[in-house]
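Chains R and H supply the protein sequences, listed in that same order. Numbered according to this note's numbering, the first sequence spans residues 1 to 178. Numbered according to this note's numbering, the second sequence spans residues 1001 to 1189. C-beta: ideal position from N, C-alpha, C; glycine also. Here's the structure, in structure tokens; my notes come after.
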Amino acid sequence: MKNKQDLHDELNEQAPWLNEFRHKDSGHQVPDGYFESVEESVFRQLEAIGATRRPPVPKKQRPSLWQALQSLWQPRVALAFAGVLTVVLAAWWFLGKPETDARVAHITAEDAESYLRDNLMELEPEQFAAVLPAEQAPVLLLETTGDNARMDSLRLSPKDLEHLLRDLSDEELDQLIL
Amino acid sequence: MQKTNKPASDEQILNLLRADGTFERGFRLLMSTYKERLYWHIRRMVAVHEDADDVLQNTFVKIYRGVLQFEEKSKLYTWLYRIATNEAISFLQSRNRHSSSSLDNGDGVLAGRLRADSWFDGDAVQRQLQEAIARLPDKQRAVFNLRYYDEMPYEEMSRVLDTSVGALKASFHHAAKKIETHFREADQY
């Protein structure tokens, strides 16, 4: 509707007399029944040129191996590739860990305790210390002397723990664990 | 084939064309939806019914072969008009190359053919207008017809003719002035 008005205004401005003929028939005629026969005429022509089968759907050409490799040299592609590789390696690393855990998952707490008890003398103090990360180092409660007896806590580093364990006798160590 | 009077949408047509086993139905629906509009556009370009019929058929053959490559970057009818316009202009250029200059008595070959067309029964004013339009250069005639008869917006026309909106407006303005001049001159004789 707006376009009709635009055209009307445009013609009024440029060639007002053309507006007068606009709704008039152009004078062109077609033979009776012409439009009803168009489809069949087109199909006859398609048949004559052997094109009546459904035209093939255009396929996108696959790039050659060399073209595919060349595209990897594009900085954006290389960056994306590096990013994906990092994610895959990280996933492999982290997902690899549960596998190790899975291998020991069937060992119960009782089994572990029994193992430690049987092999207590075989274990080195640093082996105890090494398995404990610094932030999980045991808090050793020290009894302070004096009238206002109180308990202070001291967080031990693995190194400190190693020294302490080394200084313990086998009996003391046995008592501590059991 | 649709029995209803409601025109098929482009989406319906394209879905049928693209689905397995319904391509021919889709193509028939496309033809029945657009044949008259395309015919009249072509007829105004080439003037004579027999030529318009040939060009329309060639247009539909081109559409048949290429419609599955239509990527919907424009409206379907824009794409169809583009093919029809190109086909009509190619036809006219080819005929002008092969026609003898003796057939052109100064009125223009197309205007001469229009006078000989048995499928034209307009009055004197209609004939004069059609002859004035027939004298326009091919592309300018397409611009004038698409705007004047099909009332196509310039933005749409720009996609059909691959020409800027500004150039199309200027072309339409010049075409209207030429037609006006033709009428004024004809009145003097």
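- Leaving aside the five residues that flank Thr1078 (chain H) on each side, the residues in its chain whose CB is nearer than 7 angstroms to its CB run, in chain order, Glu1156, Arg1159, Val1160.
- Within chain H, the C-beta atoms nearer than 8 angstroms to that of Gln29 (chain R) come from His1049, Trp1119, Phe1120, Asp1121, in chain order.
- Rounded to whole angstroms, the gap between the alpha carbons of Trp92 (chain R) and Ala80 (chain R) is 18 angstroms.
- At least 9 angstroms separates the CB of Asp32 (chain R) from every CB of chain H.
- As computed with DSSP, His28 (chain R) is found in a beta bridge with H:Phe1120.
- Between Val42 (chain R) and Val1055 (chain H), the C-beta spacing is not below 9 angstroms.
- Asp1051 (chain H) is classed as buried because its beta carbon has at least 16 other beta carbons within 10 Å across all chains shown.
- Across the structure, Val1046 (chain H) and Leu1016 (chain H) are spaced so that their CA atoms are roughly 32 angstroms apart.
- For the C-beta of Lys1035 (chain H), the chain R residues within less than 7 angstroms are, from N- to C-terminus, Phe35, Val38.
- Counting only unbroken stretches of 4 or more residues, the alpha helix (DSSP H) elements lying wholly within the segment 1025-1077 of chain H are 1049-1066, in sequence order.
- Here the C-alpha atom of Arg1097 (chain H) lies approximately 33 angstroms from the C-alpha atom of Ala15 (chain R).
- Counting C-beta pairs with one atom in each stretch, the segment 1142-1150 of chain H and the segment 1165-1177 of chain H have three or more that are closer than 8 angstroms, which means they touch.
- By the CB criterion at 9 angstroms, Ala1111 (chain H) and Glu1131 (chain H) fall inside the cutoff.
- The three-state reading of DSSP puts Gly33 (chain R) in coil, since its state is none of H, G, I, E or B.
- Less than 9 angstroms separates the beta-carbon of Arg54 (chain R) from that of Phe1023 (chain H).
- Here DSSP, grouped into helix, strand and coil, assigns Asp9 (chain R) to helix.
- Residue-level contact by beta carbon fails for Asp9 (chain R) and chain H, as no gap is shorter than 9 angstroms.
- For chain R, the residues of the segment 1159-1185 of chain H that bring a beta carbon within less than 8 angstroms of one of its beta carbons are Phe1172, His1173, Ala1176, Lys1177, Ile1179, Glu1180, Phe1183, in chain order.
- The residues Ile1013, in chain order, have a CB closer than 6 angstroms to that of Leu1030 (chain H) in the same chain once the five nearest residues on each side in sequence are set aside.
- Identification of chain H residues near Gln14 (chain R) by a Cβ-Cβ cut-off of 7 angstroms yields His1173, Ala1176, ordered along the chain.
- For Asp6 (chain R) and Asn12 (chain R), the gap between their C-alpha atoms comes out near 10 angstroms.
- Judged by beta-carbon spacing, His28 (chain R) lies beyond the 9 angstroms limit of His1041 (chain H), meaning their Cβ atoms are not closer than that value.
- Rounded to the nearest angstrom, the gap between the Cα atoms of Arg44 (chain R) and Thr1059 (chain H) is 14 angstroms.
- Taking 9 angstroms as the cut-off, the beta carbon of Tyr1064 (chain H) is found closer than this to the beta carbon of Ala51 (chain R).
- Against chain R, the CB of Arg1135 (chain H) has no partner CB under 9 angstroms away; the residue lies outside that interface.
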